[in-house]
């Protein structure tokens, strides 16, 4: 039996050969044999991209596998504070597991941000990937790896600078005439 080499990550495959008839020979002993094709392709690796939104909107991130696979995978993710904090009500702490059914390359996650009335600079938080797992079968080739384990999410401000109630603001505009 000739097998074909491919570049698709897949589980090892088993098949049986049955001898049912012969010409000029007698079928003796066992009339069947089992064979196993061992996959030699690397499992895909995970990475994460994305992450800018105005406060009050969801920050979208894309978790990707480096290549399609006939196997299923999952990976855990979690947020952590940067200049944006959950105690400061900038965003909602989030963690979970993303599942990749066979042939799926991209999955999205969304992190909720909170709108406030404070004029401020853009703020950041981190989303980190952890614990990649091949969920197809126990004893598969191994687990996927992580190429890019973390990404910064940015929350941009949507508040206008304004004068306090009952107060005014003044600006000095400098102008230089060109010769």
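Numbering (my numbering), first residue to last: 21 to 199.
Beta carbons: idealized from backbone N, C-alpha and C, even for Gly.
So within the stretch 61 to 122, which uninterrupted beta strand (DSSP E) runs reach at least 3 residues, ignoring any that extend past its ends? 65 to 70, 72 to 74, 78 to 85, 93 to 101, 115 to 120
Going by beta carbon distance, what residues of the same chain come within less than 8 Å of residue 34, once the five residues before and after it are set aside? As a first step, residue 34 is located in the chain shown; it is residue number 14 there, counting from the start. 54, 55, 56, 57.
Among 65, 179, 146, 72, which one has its Cα closest to the Cα of residue 126? One-based indexing of the chain shown puts residue 126 at position 106. Just measuring C-alpha positions, the residue of 65, 179, 146, 72 sitting nearest residue 126 is 65.
Judging by CA-CA distance, which residue of 195, 145, 88, 37 is the nearest neighbour of residue 172? Position 152 of the chain shown, counting from 1, holds the residue named residue 172. Of the residues 195, 145, 88, 37, the one whose Cα lies closest to the Cα of residue 172 is 145.
What residues in its chain sit with their C-beta under 6 Å from that of residue 143, if we drop five residues either side in the sequence? The residue labelled residue 143 in the question sits at position 123 within the chain shown. Hits under 6 Å: 103, 104, 110, 175.
Residue 132 in three-state terms, based on DSSP: Residue mapping note: residue 132 aligns to position 112 of the chain shown, counting from 1. If DSSP states are grouped into helix, strand and coil, residue 132 belongs with the strands.
At least 3 beta-carbon pairs within less than 8 Å: the stretch 128 to 138 vs the stretch 78 to 87: yes
Where do the N-terminal and C-terminal ends of the beta strand (DSSP E) with residue 147 fall, by residue? Within the chain shown, residue 147 is the residue found at index 127, counting from 1. From DSSP, the beta strand (DSSP E) with residue 147 extends over 143 to 154.
Residue burial classification, residue 154 (beta-carbon count within 10 angstroms, cutoff 16): One-based indexing of the chain shown puts residue 154 at position 134. Result: buried.
When DSSP labels each residue in this structure, what does residue 174 get in the three-state scheme? One-based indexing of the chain shown puts residue 174 at position 154. Strand at residue 174.
Closest by CA to residue 62, which one among 85, 108, 24? Numbered from its first residue, the chain shown carries residue 62 at position 42. For the residues 85, 108, 24, the minimum Cα distance to residue 62 belongs to 85.
The beta strand (DSSP E) with residue 54 in it runs from where to where? Here residue 54 refers to the residue found at position 34 of the chain shown. Counting along the chain, the beta strand (DSSP E) containing residue 54 begins and ends at 52 to 57.
Can the beta-carbon of residue 135 be found closer than 7 Å to that of residue 75? Your numbering for residue 135 matches position 115 in the chain shown. Your numbering for residue 75 matches position 55 in the chain shown. Yes, they are a contact pair.
Taking the C-alpha atoms as reference points, what is the distance between residue 164 and residue 49? Walking along the chain shown from the start, residue 164 turns up at place 144. Walking along the chain shown from the start, residue 49 turns up at place 29. Their backbone Cα atoms lie some 43 Å apart in a straight line.
For residue 158, collect the residues of the same chain with a Cβ closer than 8 Å to its Cβ; drop the 5 residues on either side in sequence, then sort them by chain order. For the purposes of this step, residue 158 is taken as residue 138 along the chain shown, with counting starting at 1. Reliability of the predicted coordinates at residue 158 is poor, the pLDDT of 42 falling under 50, and the value obtained from them is presented with this limitation in mind. The answer is none, since no qualifying residue turns up.
Identify which residue in 87, 29, 38 has its Cα closest to the Cα of residue 21. Here residue 21 corresponds to residue number 1 of the chain shown, with the count starting at 1. Looking at the Cα atoms, 38 is the closest of the given residues.
Any idea what DSSP makes of residue 127, helix, strand or coil? Stepping through the chain shown from its first residue, residue 127 is reached at position 107. Three-state result, residue 127: strand.
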